[in-house]
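Chemist: Numbered according to my numbering, the sequence shown spans residues 5 to 482.
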Amino acid sequence: MFHRFCFCLGLWRLVGGLDYYYYQVLEGKSVTLSSDLTELKNDEQIHWWIGNKDTVIAEINVTANRFSVFDDVLDGRFRDRLKLDNKTGSLTITNTRSEDAGVYELQTNQISRAVILKVSDEMRVWAEQSVTLSSGVSELKNDDQIQWRFGNEDILIAEINKQTNRFSVFDDVLGGRFRDRLKLDKKTGSLTITDTTVEHAGVYKLQTNNEINTVKQTVRAFKEVSVTMGNSVTLSSGVTEMMDDDQIQWKFGEDWWFSSEYTLIAEVNITQIKFSVFDKVLFGRFSDRLKLDIKTGSLTITNTTVEYKGDYKLQTNYIDFTFRLIVCDEILVMEGDSVTLNSDLTKLNKYDQIEWRFGDEDTLIAEIYKQNNRFSVFDDVLDGRFRDRLKLDNKTGSLTITDTRTEHAGVYELRFDYVRKRSFILTVGSVHCCGPTEAVIRLVLSALVGMATVIIVLYDIRSRRAEQDQAHIHASQT
Ligand SMILES: *[C@@H]1O[C@H](CO)[C@@H](O)[C@H](O)[C@H]1NC(C)=O
Ligand SMILES: *[C@@H]1O[C@H](CO)[C@@H](O)[C@H](O)[C@H]1NC(C)=O
Ligand SMILES: *[C@@H]1O[C@H](CO)[C@@H](O)[C@H](O)[C@H]1NC(C)=O
Ligand SMILES: *[C@@H]1O[C@H](CO)[C@@H](O)[C@H](O)[C@H]1NC(C)=O
Ligand SMILES: *[C@@H]1O[C@H](CO)[C@@H](O)[C@H](O)[C@H]1NC(C)=O
């Protein structure tokens, strides 16, 4: 029973390609990386690697009846902590440490897949995604009783009584914030919350068979916010007016995926009537760039550059929420010219997978599978608007668009390494309407506004400006 009280498991899919499994585990607990096999075939061969196929840590060869873990690799970091299930090929890491975080790879006869493991003292969930809170048992016993509770007031949200075979969710509590969002697994007692929002961040407790020992599972919600380089972005506190005892803290963390280190950058303490920004931290990175709204506690970052991408954690009396800020490069190109969207990679690694996507629908326009040396452009998509115009640099993965037209304007996304990405906003100007001044458009994003809306706003402003400029030109010609 390695799974006792810990983690969540979810198959995550970035919009479009690149499937991978993502596990979170609380430091010190065990996690089982699943092979998804229910039994091994007679000729099954399984390999578990850490890193991009760097080091084998477990291997199964059924023909040779060999089941091996290599826990002496990497200076014995995994010593006595690896367990291989000889029925399914799943791999368990016990007593996890922060350095276990990273990318693992699984290869079986049928599949090859990346598994990302995050080890920390908290759980992270993307807004609008699902999270599964594990009961810690693989199968409920006949007399098991389980209760799931939420929040500071320990509100009962789900209950299982195996003896009477009763499975209940109470999704009308707390003003219905869980309505149609709770799913109980009848076999394991695990609880899934679907379509999470900021309201579902908080502490979940699991009580089993009246054990006094309750387990806290903290779910913090995430939201992606994007801003064009050079512009300002406001991260909303969600508070419309602060109350007497309100406290708000903003913290910044750079490596959003694996690290949990955050630095305090702004704070409001109404009790003390104190508003502070700490813009000298992190070598003055935020100097003169932070503004705290005295009424709402919302945080504005002005004149953004790529240095400001990362996680901004908001903690108030009621909310624990993280904004992940993406700073887009904005590129202006004249119609007919070529433009290169720079991957900023100096070389491609052996197992790199890279995707270029375009527009609101995230249409795949180019792809690299370095392992097979496959470089593909899909220039027949979107009615062929990219036909014979795409060039992929086989050294760096950068994408060049030749002979640009206005229909190539929009958002391009480079996705690599399963989780990282870069975004570009391409503006295609014509000699008439777009001078360099066109780039200076103030765009303040409300934190709860999604990317699609933002882009529409941007284009709306743009096209209106263009029309006005055109009109102006016409007027002055007459
Ligand atoms: C698995 O074992 C069989 C039988 O000993 C052997 O022929 C085969 O090469 C082994 N496979 C690997 C990948 O070692
Ligand atoms: C699998 O593991 C179990 C328990 O450790 C052991 O009893 C069994 O012999 C193993 N089977 C094989 C094929 O190694
Ligand atoms: C806010 O001020 C009160 C009163 O001085 C103090 O007790 C509390 O710890 C402060 N909160 C923070 C987050 O500094
Ligand atoms: C914005 O940042 C850039 C680069 O850091 C700097 O050169 C520029 O002067 C800044 N603009 C404003 C308005 O602060
Ligand atoms: C990259 O492209 C160049 C020019 O088309 C070609 O000569 C070279 O073989 C390619 N390299 C790889 C690794 O595909």
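From the three backbone atoms N, C-alpha and C, an ideal C-beta is built for every residue, glycine too.
To which residues of the same chain is residue 301 closer than 8 Å at the C-beta, ignoring the five residues directly before and after it?
Modeler: The residues are 241, 243, 246, 250, 252, 272, 320.
Chemist: So, are the CB atoms of residue 81 and residue 98 less than 8 Å apart?
Modeler: Cβ distance not < 8 Å, so residue 81 and residue 98 don't count as in contact.
Chemist: Taking DSSP's pairing of strands, which residues face residue 404 in a bridge?
Modeler: 344, 395.
Chemist: What separation, rounded to the nearest whole angstrom, lies between the Cα atoms of residue 100 and residue 51?
Modeler: Their Cα atoms are separated by approximately 20 Å.
Chemist: Can you give me the Cβ contacts of residue 395 inside the same chain, cut-off strictly under 6 Å, excluding the 5 residues immediately before and after it?
Modeler: Correct list, in chain order: 404.
Chemist: What first and last residue would you give for the alpha helix (DSSP H) that runs through residue 288?
Modeler: From DSSP, the alpha helix (DSSP H) with residue 288 extends over 285-288.
Chemist: Got a sec? Which residues, its chain only, sit under 6 Å from residue 398 by beta carbon, not counting five neighbours each side?
Modeler: 379.
Chemist: Comparing the CB of residue 162 with every heavy atom of ligand 1, is any distance shorter than 7 Å?
Modeler: Checking the Cβ of residue 162 against ligand 1 gives no.
Chemist: Report the rounded CA-to-CA distance for residue 282 versus residue 268, giving the unit in angstroms.
Modeler: Answer to the nearest angstrom: the Cα atoms are 7 Å apart.
Chemist: So the alpha helix (DSSP H) residue 40 belongs to, where does it begin and stop?
Modeler: Neither: residue 40 is in no alpha helix (DSSP H) and is coded neither H nor E.
Chemist: When every heavy atom of ligand 1 is checked, does at least one fall within less than 7 Å of the C-beta of residue 232?
Modeler: It does not: the Cβ of residue 232 is nowhere closer than 7 Å to a heavy atom of ligand 1.
Chemist: Can you give the Cα-Cα distance for residue 401 and residue 232, rounded to whole angstroms?
Modeler: For residue 401 and residue 232, the distance between alpha carbons rounds to 22 Å.
Chemist: Spatial neighbours of residue 453 within its chain, please: C-beta separation below 7 Å, excluding the five flanking residues on both sides.
Modeler: Residue confidence for residue 453 is low, a pLDDT of 25 falling below 50, so the modelled location carries little weight and cannot support an answer.
Chemist: Taking only three categories from DSSP, how would you classify residue 167?
Modeler: Here residue 167 sits in coil by DSSP.
Chemist: Put residue 113 into one of helix, strand or coil per three-state DSSP.
Modeler: The answer is coil: DSSP assigns residue 113 none of H, G, I, E or B.
Chemist: Closest by CA to residue 209, which one among 201, 194, 143?
Modeler: When only C-alpha atoms are compared, the closest one is 194.
Chemist: Return the chain-ordered list of same chain residues with a C-beta closer than 7 Å to the C-beta of residue 173, the five sequence neighbours on each side being excluded.
Modeler: Here the set comprises 161, 162, 186, 188.
Chemist: CB-CB under 7 Å to residue 176, same chain, minus the five flanking residues each way: which ones, in chain order?
Modeler: Cβ within range, chain order: 183.
Chemist: Expressed to the nearest angstrom, what Euclidean distance is found between the alpha-carbon atoms of residue 158 and residue 376?
Modeler: Taking the straight line from one Cα to the other gives about 53 Å.
Chemist: Does DSSP put residue 133 in a helix, in a strand, or in coil?
Modeler: Coil.
Chemist: Going by alpha carbons, who is nearest to residue 345 out of 303, 314, 427?
Modeler: When only C-alpha atoms are compared, the closest one is 427.
Chemist: Would you mind giving the Cβ-Cβ distance between residue 325 and residue 205, rounded to the nearest angstrom? I have them listed as a contact below 8 Å.
Modeler: Indeed, because the Cβ distance is near 6 Å, the residues count as touching under 8 Å.
Chemist: Counting by C-beta, which residues lie closer than 6 Å to a heavy atom of ligand 1, in chain order?
Modeler: Listed along the chain, these residues meet the criterion: 49, 65, 67, 68.
Chemist: Tell me which residues share the same chain as residue 351 and place their Cβ nearer than 8 Å to its Cβ, disregarding the 5 neighbours each side in the sequence.
Modeler: Excluding sequence neighbours, residue 351 sits near 399, 400.
Chemist: Is residue 147 helix, strand or coil by DSSP?
Modeler: Reduced to three states, the DSSP call for residue 147 is coil.
Chemist: How about residue 96 and residue 41: do their beta carbons lie closer than 8 Å?
Modeler: Going by C-beta atoms, residue 96 is not nearer than 8 Å to residue 41.
Chemist: State yes or no: is the C-beta of residue 266 within less than 8 Å of the C-beta of residue 120?
Modeler: No, the Cβ-Cβ distance between residue 266 and residue 120 is not below 8 Å.
Chemist: Can you tell me the Cα-Cα spacing of residue 59 and residue 289, whole angstroms?
Modeler: Whole-angstrom Cα-Cα distance: 37 Å.
Chemist: What is the DSSP secondary structure of residue 245, counted as helix, strand or coil?
Modeler: Residue 245 falls in the coil class under three-state DSSP.
Chemist: Count the other CB atoms within 10 Å of the CB of residue 235; is the residue buried (16 or more) or exposed (fewer)?
Modeler: Buried, because 16 or more other Cβ atoms sit within 10 Å of the Cβ of residue 235.
Chemist: Would you decide whether residue 68 is buried or exposed? Buried here means 16 or more other CB atoms lie within 10 Å of its CB.
Modeler: By the 10 Å Cβ count, residue 68 comes out exposed.
Chemist: Look up residue 141 in the DSSP assignment and say whether it is helix, strand or coil.
Modeler: DSSP places residue 141 in coil when its eight states are reduced to three.
Chemist: Measuring alpha carbon to alpha carbon, tell me which residue in 79, 230, 306 is nearest residue 291.
Modeler: Selected option, being the one with the closest Cα: 306.
Chemist: Mapping the DSSP letters down to three states, classify residue 374 as helix, strand or coil.
Modeler: DSSP places residue 374 in helix when its eight states are reduced to three.
Chemist: By alpha-carbon positions, which one of 123, 332, 360, 381 ends up nearest to residue 429?
Modeler: Of 123, 332, 360, 381, the residue nearest in Cα terms is 332.
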